[in-house]
Structures are given as C-alpha cells and as structure tokens.
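**Student:** Mind having a look at this structure? Questions to follow.
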Amino acid sequence: MANRTLAEDKETLLAIKDKLAGESKLNWSLKLPIDEWEGVRVVSKRVAELTLKNKDLAGTIPPELGMLSGLTHLTLSGINLCGEIPAELGLLSSLKKLNLRNNKLDGSVPPALGNLSRLEWISLYNNRLTGTIPSTLGRLTKVKVLSLKINRLEGPIPVELGNLH
C-alpha cells in the first residue's frame, strides 16, 4: 500500500464519496483538479489530509479510507456520521491526527486504532460509542491528546493507558 499513487488515492476518494456524504454532495470530480476538492490536501503527490467538518453531510466512514496510506490528518467532525468506526483506519500508518468528534458514531472503539504508532492526537468525543476502552490504545506512545468523553463507554480504564505521556 505504501507505493500507491495520487491517481489511486483519487480513485479511492471517488469510490467512497457517496458513502461519506450520504444524501449531501461533495465537489469531488475528475473534472476538477484534486487540490480543489473540498477538504482534500495533497502533499508530496499523495492525499495527506482529509478535513470535513461542520458540514451538512450524513454518511458513514467507509472502510476504504484505510487505503489512503499517505494520510497524516483525518478530520471528519460535526458532519452527522453514523455507524461504526471501521477497523481499517488502523492501517493508516502515517496518521498523526484522527478527529471523529461530534458525530453519531456507535459500536465499539476498534482495537486496531492501537496500531497507529505515529498518532499524536485522537478525539472520539461526543459520539455514541459503547463497550470498553481497548487496552491497545496504550501502544499510542506519541499521543498528546486522547479524548473519549461524552460517549457510552463503560468498564475500567485499561492500565495500559498508563504508558501514555
């Protein structure tokens, strides 16, 4: 996956556009250069940032986002996303910031997010997440911000989170 091209990133985004936008529209189209696509930032010929926030969207997080291996920042906040957080986000090995706050996401926090060794900032604040906090989040040793409040999480805080600075 590390050898993907910008053209493949574009294909991935076009394939998931409707899942992510729901009934709303994003301007992603082959008729526009990718640097004019809403919320998309390209760095070194890869999609590095996807930022959609406080927009009138209402879709789900497509598992195919996990194919965008050049992503360093993923912000999908305040856009009425529902459904579960796909475990495939744990494949985003370059990711430094994950912001999924202020949505209607449910299900559990995927343990695979503990694979994001470069992650510095993660916010799942204000969703409808249930279950326990995965102990694998204790592997996120570069994390400076971890926000899980205003969810329906239960159980003890894993002792592994004590590894975080």
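Residue numbers (the working numbering): 14 to 178.
Using N, Cα and C, we set each Cβ at its ideal position, and we do this for glycine too.
From a predicted model like this one, the values you see are computed outputs, not experimental measurements.
1. Please classify K58 as buried or exposed, where buried requires at least 16 neighbouring CB atoms within 10 angstroms.
2. Is the beta carbon of I146 sitting closer than 8 Å to the one on P171?
3. Is the beta carbon of L89 sitting closer than 8 Å to the one on L105?
4. Between G52 and the rest of its own chain, which residues show a CB-CB distance below 7 Å, the 5 nearest in sequence each way excluded?
5. Can you tell me whether I74 is helix, strand or coil according to DSSP?
6. Using a Cβ-Cβ cutoff of less than 6 Å, which residues in the same chain neighbour S136 once the five nearest sequence positions on both sides are dropped?
7. Is the separation between the beta-carbon of T143 and that of S107 shorter than 8 Å?
8. Out of R17, I29, N116 and P46, which one is the CA nearest neighbour of E97?
9. Taking the DSSP output, what are the residues bridged to L118?
10. Do K32 and P75 have their beta-carbon atoms positioned less than 8 Å apart in this structure?
11. Should G72 go down as buried or exposed, given a rule of 16 or more other Cβ atoms within 10 Å for buried?
12. Between L39 and K30, which are expected to be in contact by the criterion C-beta below 8 Å, what is the C-beta distance as a whole number of angstroms?
**Tutor:** The structure says:
1. Within the sequence shown, residue 58 is the residue found at index 45, counting from 1. An exposed status is given to K58, since fewer than 16 other beta-carbon atoms sit within 10 Å of its beta-carbon.
2. As a position in the sequence shown, residue 146 is number 133, starting the count at 1. As a position in the sequence shown, residue 171 is number 158, starting the count at 1. P171 sits close to I146, with the two beta carbons spaced by under 8 Å.
3. If you number the sequence shown from 1, residue 89 lands on position 76. If you number the sequence shown from 1, residue 105 lands on position 92. Not closer than 8 Å, so no.
4. On the sequence shown, residue 52 is found 39 positions in, with the first residue counted as 1. Within the same chain, and ignoring the five residues on either side of G52 in sequence, the residues whose Cβ sits closer than 7 Å to its Cβ are L63, T64 and L65.
5. In the sequence shown, residue 74 corresponds to position 61, counting from 1. Coil.
6. For the purposes of this step, residue 136 is identified with residue 123 of the sequence shown, where counting begins at 1. Same-chain partners within the cutoff: N112, R114 and S160.
7. Start at 1 with the first residue of the sequence shown, and residue 143 comes out as number 130. Start at 1 with the first residue of the sequence shown, and residue 107 comes out as number 94. Not in contact: T143 and S107 (Cβ atoms no closer than 8 Å).
8. The residue labelled residue 97 in the question sits at position 84 within the sequence shown. Checking every option, the nearest Cα to that of E97 belongs to N116.
9. The residue labelled residue 118 in the question sits at position 105 within the sequence shown. G96.
10. On the sequence shown, residue 75 is found 62 positions in, with the first residue counted as 1. On the sequence shown, residue 32 is found 19 positions in, with the first residue counted as 1. Taking a C-beta distance under 8 Å as the contact criterion, P75 and K32 qualify as a contact pair.
11. As a first step, residue 72 is located in the sequence shown; it is residue number 59 there, counting from the start. A buried status is given to G72, since no fewer than 16 other beta-carbon atoms sit within 10 Å of its beta-carbon.
12. Within the sequence shown, numbered from 1, the residue matching residue 39 stands at position 26. Within the sequence shown, numbered from 1, the residue matching residue 30 stands at position 17. Contact flag correct, Cβ pair sits at about 5 Å.
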